[in-house]
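Numbering (this note's numbering), first residue to last: -10 to 188.
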């Protein structure tokens, strides 16, 4: 029979200093990794709020998606969503037969949109790209100069400042404005004539 003394039991119940150091380093590493991951995920969502013109990610409502599709009825071809967020409008348009492309600043939303399009079975008709709208030249004049006369521009939540819409539907945040390129392209010479008269 072997009997341990009280001193031996006390010595064995103490954790070794190497074990404490290991758990301390592991805890610090896990905490640091969690903070870096949190920063990497949160930054793309927070930085738009710090811009001169704040445009945070706000998902499209089902009413807004219905309003966009209503504006596009009897049309086919391509759809481009600038500021596509989580891809709801792009995916809904692809389900209606459009070849749809989304441009979004937030890389996490771009990846999520691609996954969601794949999950919903429309990934062959959709493309998503990371792009910064603020690095584009003036969007209104760019569209006016580069779109074909048969194009239609649909704006959600924010109307174009100088174009007159051909159709408006919805209320509040679900409001959608439709602009036929033929209308705003015809207005272009008049606008430039007014600008030259003001000089």
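No residue lacks a Cβ here, since even glycine has one placed at the ideal position from N, Cα and C.
Helix, strand or coil at residue i according to DSSP, with G and I counted as helix
| i | result |
| --- | --- |
| residue 93 | strand |
| residue 168 | strand |
| residue 47 | coil |
| residue 30 | helix |
| residue 193 | Outside the shown range of the chain, which is -10 to 188, sits residue 193, and nothing can be said about it. |
| residue 175 | helix |
| residue 98 | helix |
| residue 191 | Within the shown structure, residues of the chain are numbered from -10 to 188, placing residue 191 beyond reach of any answer. |
Separation of residue j from residue i, as counted between CA atoms
| i | j | result |
| --- | --- | --- |
| residue 174 | residue 97 | 36 Å |
| residue 29 | residue 172 | 44 Å |
| residue 159 | residue 168 | 15 Å |
| residue 64 | residue 86 | 10 Å |
| residue 154 | residue 138 | 15 Å |
| residue 121 | residue 7 | 50 Å |
| residue 108 | residue 140 | 30 Å |
| residue 57 | residue 130 | 22 Å |
| residue 271 | residue 151 | Nothing about residue 271 can be read from this structure; the chain reaches only from -10 to 188. |
| residue 203 | residue 46 | Given that the chain is displayed from residue -10 to residue 188, the structure contains no residue 203 and the question cannot be resolved. |
| residue 77 | residue 119 | 16 Å |
| residue 149 | residue 25 | 39 Å |
| residue 51 | residue 22 | 37 Å |
| residue 101 | residue 75 | 6 Å |
| residue 73 | residue 10 | 48 Å |
| residue 170 | residue 132 | 9 Å |
| residue 128 | residue 27 | 33 Å |
| residue 60 | residue 92 | 20 Å |
| residue 49 | residue 90 | 16 Å |
| residue 62 | residue 55 | 10 Å |
| residue 95 | residue 88 | 22 Å |
| residue 104 | residue 110 | 10 Å |
Range covered by the beta strand (DSSP E) that runs through residue i
| i | result |
| --- | --- |
| residue 69 | 67 to 71 |
Residue span of the alpha helix (DSSP H) that contains residue i, given as start and end
| i | result |
| --- | --- |
| residue 85 | First-last for residue 85: undefined, no H or E at that position. |
| residue 57 | 51 to 60 |
Legend entry - Start-end ranges of the alpha helix (DSSP H) lying completely within the segment 115 to 166, minimum 4 residues: Listed in chain order, they are 128 to 135.
Legend entry - the segment 108 to 117 / the segment 73 to 85 touching (three or more Cβ pairs under 8 Å): Put simply, the segment 108 to 117 touches the segment 73 to 85. At least three CB pairs are less than 8 Å apart.
Inset, instruction - Report yes or no: do three or more beta-carbon pairs, one from the segment 138 to 145 and one from the segment 164 to 171, lie closer than 8 Å? - result: Segment contact: the segment 138 to 145 against the segment 164 to 171, three or more CB-CB distances shorter than 8 Å; contact assigned.
Legend entry - Contact between the segment 13 to 20 and the segment 51 to 70 (3+ Cβ pairs under 8 Å): Verdict: no, contact absent.
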